[in-house]
Ligand SMILES: [Zn+2]
């Protein structure tokens, strides 16, 4: 038996707050202000990232020092432009219950906004100061006394309470409570901390199968699985995909890329990395849309990532559009698609992406939570409608047997119908929410059809009821005649039949459909995530998927893969159960931005795609461009694509030529002399020329106007 002391110690350890990626954070905390400001801090430690690697350990290790240097360079450039940094007034600081010196210096800090709409985020690095910082010298001065800190958790809207981990002890907490101290935002470390965890195998997935395929030029680009090629099912499955492909009207290079990716995705015997190269205007997004749609059809659990939220949303929007076009059952099937990420950063509620609300996880959870509400939720409204219809049927039965008078019936019925109308609206919204948001694994097409039928019947019943009561009111004003009696009887019989049908349908629905075991937001989120098929998030956010217990993902698609630093792509590549990675991008376009000047030569900004192509990995080239006039495409095609990209028929049409600018042109190029321009220093080692910028803006405006 454990002694009490030992037990306490163990519980204490279990409860201890963990800051993930702590190793990198400790490096940041170890830098003095002079270290931060020194451009050469890591100069002697940075080594060039090799083109191939001897082991996964060698691979991961190669990125670690460069990642530290990049974090350092980012902080240095922020320190040089402090004047406009978001600043919060400190209201109160106190040691938190997790405060355990010497390392775990956790504090709870309350802050309020000073100006602008900035809010602190989890992952922010802040400097505590006694002044609003205007430049590096201020920072240097205040850092003698005050620490920098890492925002570990935060809540609030205008006033914030944050849990922070401080780089050094705060000597006098009382001093900071006088309203004259500030927290200044320096940078956000979230992505780099996630990369750090990934490189140190601290992410829960720890699946190195796919990564092993990219170490050297022995990668597998699929299509050579002997088990799959001998299986009879494979032909049938690819025939099924071919039908779908035709509906997308792809050109042959797009089709070949999609087919090859689907063939690979169906294999569960080996691990594969594939590259699809899409030069500008070659229909990369359309191809991606078709590929993801096909993967959805074959129920291949796939995560689609991109470096930025914008690219993630564009890919998701493309799939949502094609799914609603093809499925044809309203929004049924959307539950198989999930977009997740930070609501504010994704700006999904904005008008641009309203169509994505149906697939956005946070929104989905909120909507589904309404279905378990005790008064307007699924179970309550369904049962109350069933009992109302049963009650009303009994009354009607009595009427038709002449056992109940007209007047009594009308009074009873009016009450019943009032209740019916309320419950119908609630049930209707539950039904729409359920078939929109539940993954199809939890709601069959058969149930969906019964649901739509129930919706139609309930609406028609209510209309019939309305016209019956209108007719009855009209009838009361004229003398009772035999003919009216007959009409009333006719209505009653029709009403009885429709009620019966509606009741039967609702009863059938209650038998055929069981609401999943939703108890609260967490279970709803978990059940949705476990049963969907296509997932979308940024590469960095995919770190969160590691922590969720769910069925493994089979396939990873990275869009804009050439703009992603290789070390960052290790985050989704390590997801548990992953077999295949499809990288879509164009290594001829600009790579990821790197802040550090030292890292320029070290290949830190290089993407996995670029390295693989360099090692000789064959890519699927989308080879027809539909955007540029041939006289414009000629240069990039000759210079970067070895003349392999053909001009689409649309750009070769005579009417495709445009002329938006006046003045002399040198064939397809124009040189414009901006005489009054003047270069001015814009901070951060860059210059600006406002007159030139205005001229460019004017040209772009004219081009936009001309293209509409
Ligand atoms: Zn196989």
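Residue numbers (UniProt numbering): 1 to 708.
The beta carbon of each residue, even a glycine, is placed where N, CA and C say it ideally should be.
In this text, all values refer to a predicted model and were calculated from it rather than measured experimentally.
Between the beta-carbon of residue 299 and that of residue 533 there is about 6 Å, and that keeps the pair under the 8 Å contact cut.
In this structure, residue 268 has its beta carbon less than 8 Å from a heavy atom of ligand 1. Contact between residue 131 and residue 138 holds, with the beta-carbon distance rounding to 6 Å and staying under 8 Å. Taking the Cβ of residue 227 as the reference point, at least one heavy atom of ligand 1 falls within a distance shorter than 8 Å. Residue pairing by DSSP places residue 579 in no beta bridge whatsoever. In this structure, the beta-carbon distance from residue 529 to residue 558 does not fall below 9 Å. Bridge partners of residue 111 according to DSSP: 90, 160. Taking the Cβ atoms as the reference, residue 193 lies roughly 6 Å from residue 24, within the contact range of under 8 Å.
Scanning its chain for C-beta atoms nearer than 8 Å, with the 5 sequence neighbours on each side dropped, one finds around residue 101 the residues 169, in chain order. Sixteen is the threshold: when 16 or more other Cβ atoms of the shown chains lie within 10 Å of the Cβ of residue 278, as they do, the residue is buried. Judged by DSSP in its simplified three-state form, residue 585 adopts strand.
When secondary structure is reduced to three states using DSSP, residue 305 falls in the strand class.
For residue 81, the secondary structure class from DSSP, reduced to helix, strand or coil, is coil. The segment 650-657 and the segment 620-630 touch, with no fewer than 3 CB-CB distances between them shorter than 8 Å. Nearest in C-alpha terms to residue 227, of all of 185, 191, 270, is 270. Taken through DSSP and simplified to helix, strand or coil, residue 440 comes out as coil. Where residue 40 is concerned, there is no enclosing alpha helix (DSSP H), because DSSP gives it neither an H nor an E.
In the DSSP assignment, residue 254 falls within the unbroken alpha helix (DSSP H) covering 252-265. Cβ contact annotation for residue 173 (same chain, cutoff 8 Å, sequence separation greater than five): 93, 94, 95, 107, in chain order. Look at the beta carbons and you see the segment 588-603 not touching the segment 536-547: under three pairs across the two are nearer than 8 Å. Shown here for residue 166: same chain residues with a beta carbon closer than 7 Å to its own, the five before and five after excluded, namely 105, 107, 147, 149 in chain order. Runs of the beta strand (DSSP E) spanning 3 or more residues and lying entirely within the segment 133-189 occur at 148-155, 159-166, 182-188, in chain order. Membership of residue 26 in any beta strand (DSSP E) is not indicated; the residue belongs instead to the alpha helix (DSSP H) covering 22-30.
Exposed is the label assigned to residue 678, since fewer than 16 other Cβ atoms lie within 10 Å of its Cβ.
Three or more beta-carbon pairs separated by less than 8 Å are not found between the segment 569-581 and the segment 340-347, which leaves the two stretches without contact. Between residue 622 and residue 283, the CB-CB gap stays under 9 Å. DSSP, read as helix, strand or coil, puts residue 535 in strand.
By the Cβ test, the segment 562-573 is in contact with the segment 195-212, since at least three Cβ pairs between them sit closer than 8 Å.
The Cβ neighbour count for residue 657, taken over all protein chains shown within 10 Å, is under 16; the residue is labelled exposed. Shown here for residue 258: same chain residues with a beta carbon closer than 7 Å to its own, the five before and five after excluded, namely 245, 250, 287, 290, 291, 294 in chain order. Counted as a single uninterrupted DSSP element, the alpha helix (DSSP H) harbouring residue 543 occupies residues 543-546. Annotation for residue 228: the continuous alpha helix (DSSP H) segment containing it runs 226-230. Here residue 460 carries a helix assignment [DSSP, helix/strand/coil].
Secondary structure note for residue 286: its alpha helix (DSSP H) is the uninterrupted segment 284-297. The shortest CA-to-CA distance from residue 459 to any of 123, 563, 417 is the one to 417.
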